[in-house]
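**Q** I am attaching a structure below and will ask some questions about it afterwards.
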Amino acid sequence: MTTTAPSDHQPENPTEQDPVEAFGSERFSNRELSRLDFGSRLLDLAEDPRLALLERVKFVAIFSELLDEFFQVRVAGLEDQVVGNVRSRSIDGLRPAEQLAVIRERVLEIVHRQDQIVLELLLPALAEAGIHFSSFDELDEDDRQFLDDVFERQVFPVLTPLSVDPGHPFPNISNLSLNLAVQVEDPVTGEVRIARVKVPPILPRFVVMPDGERFIALEVVIAAHLDRLFPGMRVGHHEPFRVTRNADLMLEEEEADDLLVALEVELRRRRFGRAVRLEVTEGALPEIVDLLASELDLGPSSIYVTDAPLGLGGLWSLHGLDRPDLHAEEWKPVLPASLRVPDGETADLFEILRRRDILVHHPYESFSKSVEAFVAQAAADPDVLGIKQTLYRTSGDSPIVASLIRAAGDGKQVAALVELKARFDEEANISWAKTLEDAGVHVVYGVMGFKTHSKTALVLRREGDEIRRYCHIGTGNYNSKTARIYEDVGLLTADPDIAADVGDLFNFLTGFSRQGSYRRLLVSPSTLRTGLIERIDAQRALGPGGRIRLKANGLTDPITIDALYRASQAGVPIDLAIRGMCCLRPGIPGLSENIAVRSIVGEFLEHSRIYCFGDGDLADVEVLIGSADMMERNLDRRIEAAVPIDDPALRARLVEIMELTFADETNTWLLGPDRRWRRLDPSSGMSVQAALKQIALVESARRDG
Numbered sequence: 000m001t002t003t004a005p006s007d008h009q010p011e012n013p014t015e016q017d018p019v020e021a022f023g024s025e026r027f028s029n030r031e032l033s034r035l036d037f038g039s040r041l042l043d044l045a046e047d048p049r050l051a052l053l054e055r056v057k058f059v060a061i062f063s064e065l066l067d068e069f070f071q072v073r074v075a076g077l078e079d080q081v082v083g084n085v086r087s088r089s090i091d092g093l094r095p096a097e098q099l100a101v102i103r104e105r106v107l108e109i110v111h112r113q114d115q116i117v118l119e120l121l122l123p124a125l126a127e128a129g130i131h132f133s134s135f136d137e138l139d140e141d142d143r144q145f146l147d148d149v150f151e152r153q154v155f156p157v158l159t160p161l162s163v164d165p166g167h168p169f170p171n172i173s174n175l176s177l178n179l180a181v182q183v184e185d186p187v188t189g190e191v192r193i194a195r196v197k198v199p200p201i202l203p204r205f206v207v208m209p210d211g212e213r214f215i216a217l218e219v220v221i222a223a224h225l226d227r228l229f230p231g232m233r234v235g236h237h238e239p240f241r242v243t244r245n246a247d248l249m250l251e252e253e254e255a256d257d258l259l260v261a262l263e264v265e266l267r268r269r270r271f272g273r274a275v276r277l278e279v280t281e282g283a284l285p286e287i288v289d290l291l292a293s294e295l296d297l298g299p300s301s302i303y304v305t306d307a308p309l310g311l312g313g314l315w316s317l318h319g320l321d322r323p324d325l326h327a328e329e330w331k332p333v334l335p336a337s338l339r340v341p342d343g344e345t346a347d348l349f350e351i352l353r354r355r356d357i358l359v360h361h362p363y364e365s366f367s368k369s370v371e372a373f374v375a376q377a378a379a380d381p382d383v384l385g386i387k388q389t390l391y392r393t394s395g396d397s398p399i400v401a402s403l404i405r406a407a408g409d410g411k412q413v414a415a416l417v418e419l420k421a422r423f424d425e426e427a428n429i430s431w432a433k434t435l436e437d438a439g440v441h442v443v444y445g446v447m448g449f450k451t452h453s454k455t456a457l458v459l460r461r462e463g464d465e466i467r468r469y470c471h472i473g474t475g476n477y478n479s480k481t482a483r484i485y486e487d488v489g490l491l492t493a494d495p496d497i498a499a500d501v502g503d504l505f506n507f508l509t510g511f512s513r514q515g516s517y518r519r520l521l522v523s524p525s526t527l528r529t530g531l532i533e534r535i536d537a538q539r540a541l542g543p544g545g546r547i548r549l550k551a552n553g554l555t556d557p558i559t560i561d562a563l564y565r566a567s568q569a570g571v572p573i574d575l576a577i578r579g580m581c582c583l584r585p586g587i588p589g590l591s592e593n594i595a596v597r598s599i600v601g602e603f604l605e606h607s608r609i610y611c612f613g614d615g616d617l618a619d620v621e622v623l624i625g626s627a628d629m630m631e632r633n634l635d636r637r638i639e640a641a642v643p644i645d646d647p648a649l650r651a652r653l654v655e656i657m658e659l660t661f662a663d664e665t666n667t668w669l670l671g672p673d674r675r676w677r678r679l680d681p682s683s684g685m686s687v688q689a690a691l692k693q694i695a696l697v698e699s700a701r702r703d704g
């Protein structure tokens, strides 16, 4: 029996079949395949000769890391379901084992394409640009002497060969580590053993030759010097390999006396979780591959053979080369026009916010001179009594954390909610939590059973005989590094109702309550999904006179998808910009012919979540921004916040962003009813990211003038 998505809609006649649910599971796309489709769009950019060469290299590195995470979390989770004999179906009707089968087929196809792009397009283009990847056989005597010296001084001291024999069991191979499996023969006894040599991740992935133009992979350098690791032995075949493990944390919060300690223990386990993928290169010796698979308890379906080098996330180091001619022109964020003051003066954010709200749009507008400045001014202001801040992912040298520490040192009441369970940032967040606690900041780790993903900051300032609240609500993390490459929006406001809501949200996060209603905010898991669906249904009631425009990273929630289908059936035009996963199928007659779905992937990562409801006069258009995607995890298992934008000028800016988004032709892929994404011809037409850069520059120049 096929399982269909849950529905809030009930037919008036109990015997009447719901017109949306009548389409069954075919009305959905598979979430996991949709994630891989996003990876394919990254490869489209890596293949695009119009882009700067090192930008194309960057997209391969991003794709490689995306695939690593996909196996560590999504594939690992499905394999756990198979082991647990879970038989339930996904919303598109597939059981876990069936999903794993189609995933493998798609991964084989997409990795083969990655290899072709790297070997046939990027490496030759890099060579033409003076960046050569050399094999050891291509080197002359001087080159080899140079590498001998590098190996002896920098590499050999940190290598630890591990033999596999009855006295030396198969070594623990850490997650995502690059290794060499080496056949070693004793010339006296004829005994052959396999040894494992780990390529040290603390060293650069590529060794730069003295001419500065040639590069040689570190594993190649190690392979050429294996005789130094096994003196007196015959070194036979050596094969590079890489293991991916289950990295999803199995943390039972209810049973943890100390969440931080429990998480630290679980992180140590993650490095050696159950293996889910073995990567080897074409031509690897079958005996070695079989041994590795056997020791890792992996079947043939978990072995992936590549033509290109393993671990292409290492190409990030190549992207960092100082070759301006091979990079896209660097964008320098402008100061938000609303914060411009005469030269030599510093904008008083609190004075500005008492008069009007501020909308900031990153990376077009500076994060450091708006959001970071907001927290820094609060930390330095003697009239500020307290600061409350959520931290989900932050940078290694976070100015915001530094401001919170200064504020606590000056005696202000500072509370920071540090989400320890932010996937793959757990260790960094544990470190931040300890640093903040040591500085006197009140640190909490969130609400049991939920991740705190909302992007909120609250400042409490004494003004006369009252305390005024100022706040920031955004779509992106408080991270100065990603703010230069992630497209996000944020609202700075002193609106009493919104600020009071943010205060209530922090009290819920740091205290013990059942806060379920808010004045203006939509907050998950209590009101966000219902609030969005109420607005979708309100447009549905208008039929063709309604309009829905939504921009998010993902759309997988079946309840929200079905609400959009019903609005489409009522004739409402719906435009969706979904960068990543999308389980909705547009363009199906009788179901979704009024829905268009696009994905924009370009220089900046489209990350903002903007929700527009209504058409015509701007006064009739409701616009919200927030931290949540339309996904089950965001709506049911995370603390998220979305805020309505009241100021007509700010609402007009957001509507303009949406209009430009849906007019883009340069970085756009359209989703068809057949579940396939097709790129629009990028050779001509408007680029939303280029247009927004120009708007920022023009507005900045106008204010300067």
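Each residue of the sequence shown is one higher than the one before, starting from 0 at the first, in numbering that gives the first Met the number 0. Beta carbons: idealized from backbone N, C-alpha and C, even for Gly.
1. Are the Cβ atoms of A562 and I587 separated by less than 8 angstroms?
2. Per DSSP, what are the beta-bridge partners of L457 in this structure?
3. Nearest-angstrom Cα distance between A648 and F240?
4. Report, in whole angstroms, the separation of the C-beta atoms of A499 and R461, which I expect to be a contact under 8 angstroms.
5. In angstroms with no decimal places, state the Cα-to-Cα distance between F62 and F603.
6. Quick check on DSSP: helix, strand or coil for V72?
7. Name the one or two DSSP bridge partners that R213 has.
8. Measure the beta-carbon distance from L575 to V600 and round it to whole angstroms, keeping in mind my assumption that it falls under 8 angstroms.
9. For N178, which of helix, strand or coil comes out of DSSP?
10. Taking all protein chains shown into account, do 16 or more other C-beta atoms lie within 10 angstroms of the C-beta of G684, making it buried, or fewer, making it exposed?
11. Alpha carbon to alpha carbon, how far is R701 from I573? Give it in angstroms, no decimals.
12. Specify whether the stretch 610-620 and the stretch 546-553 touch according to this definition: at least 3 beta carbon pairs, one from each stretch, less than 8 angstroms apart.
13. Buried or exposed: where does G319 fall if 16 or more other Cβ atoms within 10 Å of its Cβ makes it buried?
14. Quick check: the stretch 473-492 against the stretch 425-436, are there 3 or more CB pairs under 8 angstroms?
15. Which one or two residues does DSSP pair with E184 in a beta bridge?
16. Should V85 be labelled buried (16 or more other beta-carbon atoms within 10 Å of its own) or exposed?
17. Using the beta-carbon count (16 or more within 10 Å), is V19 buried or exposed?
18. So D635 and P524 are in contact, right, with Cβ under 8 angstroms, and what is the actual spacing, rounded?
19. Quick one: Cα of S626 to Cα of L531, how far?
20. Is A640 helix, strand or coil when you go by DSSP?
21. What's the gap between the Cα of A712 and the Cα of S699?
22. According to DSSP, simplified to helix, strand and coil, what is S87?
23. Between the alpha carbons of A372 and L653, how many angstroms are there, rounded?
24. Tell me whether the beta-carbon of S316 lies closer than 8 angstroms to the beta-carbon of P203.
25. May I have the straight-line CA-CA distance separating K692 from H236, to the nearest angstrom?
26. So what does DSSP say about T1, is it helix, strand or coil?
27. Determine the closest residue to V442 out of G510, G282, K57 and E658, with distance taken between C-alpha atoms.
28. Who does H360 pair with in a DSSP beta bridge?
29. Going by DSSP, what residue range makes up the beta strand (DSSP E) through A757?
30. Using a 10 Å radius around the Cβ and a threshold of 16 neighbouring Cβ atoms, would you call S134 buried or exposed?
31. Pop quiz: Q115 and R244 are said to be a contact at Cβ under 8 angstroms. What is the actual Cβ separation, rounded to whole angstroms?
32. Quick check on this structure: which residue in C582, A51, G589 and L696 has the alpha carbon closest to the alpha carbon of A566?
33. Give the straight-line distance between the Cα atoms of L583 and S300, rounded to the nearest whole angstrom.
34. Taking the alpha carbon of T455 as the point to measure from, which residue in G408, V383 and I497 has its own alpha carbon closest?
35. Measuring only the C-alpha atoms, how far is A537 from E592?
36. Using C-beta distances below 6 angstroms, list every residue in its chain close to K368, excluding the 5 sequence neighbours before and after it, in chain order.
**A** In terms of the structure at hand:
1. Contact: no.
2. Looking at the DSSP assignment, L457 forms a beta bridge with K387 and C470.
3. Per the coordinates, the alpha-carbon of A648 lies some 56 angstroms from the alpha-carbon of F240.
4. That belief does not hold up - the Cβ atoms of A499 and R461 are roughly 17 angstroms apart, past 8 angstroms.
5. Whole-angstrom Cα-Cα distance: 15 angstroms.
6. For V72, the secondary structure class from DSSP, reduced to helix, strand or coil, is helix.
7. Per the DSSP secondary-structure output, R213 pairs in a beta bridge with H131.
8. Between the beta-carbon of L575 and that of V600 there is about 15 angstroms, and that puts the pair past the 8 angstroms contact cut.
9. Strand at N178.
10. Here G684 is exposed, its C-beta having fewer than 16 other C-beta atoms within 10 Å.
11. Straight-line Cα distance between these residues: approximately 35 angstroms.
12. Flag = yes, the stretch 610-620 and the stretch 546-553 touch.
13. G319 comes out exposed.
14. Between the stretch 473-492 and the stretch 425-436, the count of Cβ pairs shorter than 8 angstroms is below three; the stretches do not touch.
15. Bridge partners of E184: V191 and R233.
16. Exposed, since its Cβ has fewer than 16 Cβ neighbours within 10 Å.
17. Buried, by the Cβ-count rule.
18. Between P524 and D635 the Cβ distance is about 5 angstroms, and since that is below 8 angstroms, they are a contact.
19. Cα to Cα, the separation comes out at about 13 angstroms.
20. Of the three classes helix, strand and coil, the one that applies to A640 here is strand, per DSSP.
21. It is not possible to answer for residue 712, since the shown part of the chain is limited to 0 through 704.
22. S87: coil per DSSP, three-state reduction.
23. So the two alpha carbons sit approximately 23 angstroms from each other.
24. Yes, these two residues count as a Cβ contact at 8 angstroms.
25. So the alpha carbons of these two residues sit roughly 53 angstroms apart.
26. Its pLDDT being 37, under 50, T1 is placed unreliably by the model, and nothing is read from it.
27. Ranking the options by Cα distance to V442, first place goes to G510.
28. V488.
29. The structure shown does not extend to residue 757, since the chain is modelled only from 0 through 704, so no value can be given for it.
30. Residue environment for S134: exposed (fewer than 16 other C-beta atoms within 10 angstroms of its C-beta).
31. Wrong, their Cβ atoms sit about 28 angstroms apart, outside the cutoff.
32. Selected option, being the one with the closest Cα: G589.
33. Note on geometry: alpha-carbon atoms of L583 and S300 lie some 29 angstroms from one another.
34. Checking every option, the nearest Cα to that of T455 belongs to I497.
35. Going from the Cα of A537 to the Cα of E592 covers about 19 angstroms.
36. Taking K368 as the centre and dropping the five residues before and after it, the same chain places the C-beta of L334 closer than 6 angstroms to its C-beta, in chain order.
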